[in-house]
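Residue numbers (this note's numbering): 7 to 395.
So this is what it looks like as structure tokens:
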């Protein structure tokens with residue numbers, strides 16, 4: 007269950023003012039209660055059971071590319087796909103680690119090519135898919151929403167020697183996310199040059215162009231100082247300039263192009279250490295099997311990260327042996343205190359005390375969301391002693 011709230015409601019919470027509860031059918035005010043009290047009820051329920059989620063309606067619709075067709079009322083259960091009622095989205099995700107070369111350089115041109123291929127393939131799928139209702143079929147084909155995303159982000163950051171919860175880690179993620187979404191829209195416009203834009207484009211031309219400019223402006227806000235590979239920032243800005251220019255000339259084949267899905271199953275098929283936008287759950291974890299027994303999963307990026315951080319081969323071997331035995335890097339020989347954050351995970355190890363702070367999860371969502379057409383499916387892990395407040 008989710009609760010949809012507006013900016014006006016949240017302002018009333020901050021100002022400790024009342025909120026009108028209205029009948030859905032007539033709009034008649036039935037009761038007035040303190041907005042803060044309503045939020046308190048929601049927080050209390052979420053503290054007990056993890057429901058309801060909060061859906062920030064004002065922001066969601068501000069970034070909506072199809073407002074002249076209809077507003078966004080809801081999302082799919084995982085929350086990454088948000089669009090008009092009775093619509094569908096083809097999802098696919100890219101394993102980011104495949105584009106990190108041995109020298110630590112992210113292969114920009116190969117990544118862009120992969121984005122182009124995936125967008126084209128997903129767009130072809132729209133007309134070759136079956137849908138549950140005629141209305142969904144019609145909307146999927148008229149508005150052609152796509153959901154290209156990524157997996158293995160946590161492993162990529164670790165391999166680069168960057169803590170998940172760090173300004174540098176977030177800046178790199180912003181740059182890659184901006185590159186993916188900007189290139190996807192640019193290529194969508196290139197398809198539109200040959201096929202014409204999606205059927206609902208003309209009546210939504212003005213608001214969609216406005217959203218494209220908002221994305222582009224956010225790309226120019228990424229801090230260049232924090233990203234070692236400057237070419238990434240440069241190309242992220244360039245593809246958004248191109249996406250805007252091509253879109254103004256030809257429109258777009260797709261009303262949406264990217265989401266960040268959970269990738270819970272496909273990440274295993276793609277040999278990823280981490281899923282979607284998530285950090286690793288633990289350096290060593292166990293997956294319960296349906297037929298009985300457990301699968302032991304070991305993070306494969308620890309040695310690569312230690313090498314990036316300039317540890318000697320002998321030190322790396324002794325550290326990885328320690329992790330295999332103790333299931334934590336805390337207390338391992340040779341590890342410097344300032345490097346422990348690189349190996350922080352969502353869960354505390356049984357013999358450890360470190361974990362990623364819940365604000366680290368939220369800040370990573372903040373780094374990525376400006377470069378996503380839809381939204382993000384993400385778990386924010388809180389400590390066991392977290393209070394309702």
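The C-beta atom is built at its ideal place from N, Cα and C for all residues, glycine as well.
From a predicted model like this one, the values you see are computed outputs, not experimental measurements.
Nearest-angstrom Cα distance between residue i and residue j?
i           : j           : result
residue 191 : residue 202 : 14 angstroms
residue 259 : residue 327 : 51 angstroms
residue 238 : residue 246 : 13 angstroms
residue 58  : residue 10  : 10 angstroms
residue 266 : residue 380 : 8 angstroms
residue 312 : residue 322 : 6 angstroms
residue 3   : residue 122 : Look at the range of the chain in this structure, 7 to 395, and you will see that residue 3 is not part of it.
residue 264 : residue 320 : 43 angstroms
residue 100 : residue 249 : 20 angstroms
residue 314 : residue 166 : 7 angstroms
residue 298 : residue 288 : 22 angstroms
residue 115 : residue 352 : 32 angstroms
residue 199 : residue 63  : 33 angstroms
residue 205 : residue 75  : 11 angstroms
residue 15  : residue 51  : 18 angstroms
residue 91  : residue 345 : 47 angstroms
residue 46  : residue 119 : 48 angstroms
residue 292 : residue 44  : 39 angstroms
residue 370 : residue 318 : 31 angstroms
residue 339 : residue 226 : 42 angstroms
residue 72  : residue 113 : 33 angstroms
residue 67  : residue 217 : 10 angstroms
residue 232 : residue 173 : 7 angstroms
residue 366 : residue 393 : 18 angstroms
residue 137 : residue 96  : 11 angstroms
residue 8   : residue 60  : 6 angstroms
residue 84  : residue 383 : 6 angstroms
Per DSSP, which residues does residue i bridge with? Please list them.
i           : result
residue 26  : 38
residue 98  : 154
residue 85  : Paired residue(s): none; residue 85 is not in a bridge.
residue 382 : 266
residue 10  : 61
residue 112 : 106
Here's the rule: buried if 16 or more other CB atoms are within 10 angstroms of the residue's CB, otherwise exposed. What is residue i?
i           : result
residue 349 : buried
residue 271 : exposed
residue 329 : buried
residue 69  : buried
residue 130 : exposed
residue 168 : buried
residue 54  : exposed
residue 94  : buried
residue 135 : exposed
residue 106 : buried
residue 240 : exposed
residue 150 : buried
residue 30  : exposed
residue 81  : buried
residue 111 : exposed
residue 254 : exposed
residue 89  : buried
residue 386 : exposed
residue 189 : buried
residue 209 : exposed
residue 300 : exposed
residue 179 : buried
Which whole-angstrom value is the C-beta distance of residue i and residue j, which I expect to be below 8 angstroms?
i           : j           : result
residue 279 : residue 373 : So it is not a contact: roughly 20 angstroms between Cβ atoms.
residue 229 : residue 177 : 5 angstroms
residue 185 : residue 175 : That pair is no contact at about 16 angstroms.
residue 304 : residue 290 : 5 angstroms
residue 285 : residue 362 : 6 angstroms
residue 19  : residue 38  : Not quite, the Cβ-Cβ distance comes to about 14 angstroms (not below 8 angstroms), so this is no contact.
residue 355 : residue 334 : 3 angstroms
residue 224 : residue 117 : Not quite, the Cβ-Cβ distance comes to about 19 angstroms (not below 8 angstroms), so this is no contact.
residue 336 : residue 359 : 7 angstroms
Is residue i close to the ligand ADP? I mean its beta-carbon at under 6 angstroms from any heavy atom of the ligand.
i           : result
residue 194 : With respect to the ligand ADP, the structure offers nothing, as it holds no ligand at all.
Does any CB atom of chain B fall closer than 7 angstroms to the CB of residue i?
i           : result
residue 103 : Within the model displayed, chain B is absent; a lone protein chain is all it includes.
Starting from the N-terminal side, write out each stretch of the beta strand (DSSP E) that is 3 residues or longer and does not extend beyond the region 262-327. As far as the region 262-327 is concerned, its whole beta strand (DSSP E) runs of at least 3 residues are 290-294 and 300-304.
May I have a chain-ordered list of the alpha helix (DSSP H) segments no shorter than 4 residues that lie completely inside the region 140-193? Listed in chain order, they are 140-149 and 159-165.
Write down every uninterrupted run of the alpha helix (DSSP H) in the region 45-94 whose length is 4 residues or greater and which is fully enclosed by it, in chain order. Within the region 45-94, the complete alpha helix (DSSP H) runs of at least 4 residues are 63-68.
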